[in-house]
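The sequence shown lines up with residues -26 to -1, 1 to 143 when you count with mature numbering (1 follows the signal peptide of the UniProt record, and there is no 0).
Cβ coordinates follow ideal geometry from the N, Cα and C atoms, glycine included.
The structure displayed is predicted, hence computed values, not measured ones.
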Amino acid sequence: MACRQMLAVLAVAMVAMATLLAMARATEYVVGDDMGWGLQVNCTDWARGKVFRVGDSLVFRYNPGNHHVLRVRGPDFQACNKVSEKEPLASGDDAVPLSSPGKRWYVCGKAAHCESGQKLVITVLPSLQAPTASPTPPAPVPGSSGKITVPGYQSLMVLVVAVLTTFMT
Ligand SMILES: [Cu+2]
């Protein structure tokens, strides 16, 4: 019995761990990949097919003397108006956390770089939450059937523990 109880605790711990792992799965997108942020990359093509979510981040890499990064509004993006209420990012290795869903527009404000296509628009989707709606499943009472119902992939973890239980009793 004591052994079963311990395993039940272990099962709950593993489910909690799996949930945390799922939530920590953030992606860091280096704009332009190896080519970086510059005139040599068509960022529209680069962004195509990528899914950006809240919690992910963009990294702009470039020679800081040649470029910078300006976050602008949609109409200013279209027109290459290099106006922004924020100072441009200019370190050459700028990480930008995507903290809210919606569209984001970036341009390079140097010379005619934006007009030459050094601009990036992305749409940030809400984060992929693990099924957090489920409160921590109650630990099964020893002697009961010991069934734990949790949604989706988490049940796999429970299955593993269940198999362990079978072998250890
Ligand atoms: Cu530039």
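Please determine if the stretch 7 to 26 and the stretch 53 to 64 are in contact, where contact requires at least 3 C-beta pairs separated by less than 8 Å. no
Contact between the stretch 94 to 102 and the stretch 27 to 40: three or more CB pairs below 8 Å? yes
Straight-line CA distance for residue 120 to residue -22? In this predicted model, residue 120 has a pLDDT of only 45, less than 50, meaning its place in the structure is not dependable; the value taken from the coordinates is given anyway. Cα to Cα, the separation comes out at about 10 Å.
Name, in chain order, the residues that DSSP records as bridge partners for residue 26. 98
Quick one: grab the DSSP three-state call for residue 35. strand
Which residues in the same chain have their Cβ closer than 8 Å to the Cβ of residue 55, if we skip the five residues on either side of it in sequence? 46 and 49
Would a C-beta distance cut-off of 8 Å place residue 96 and residue 26 closer than the cut-off? yes
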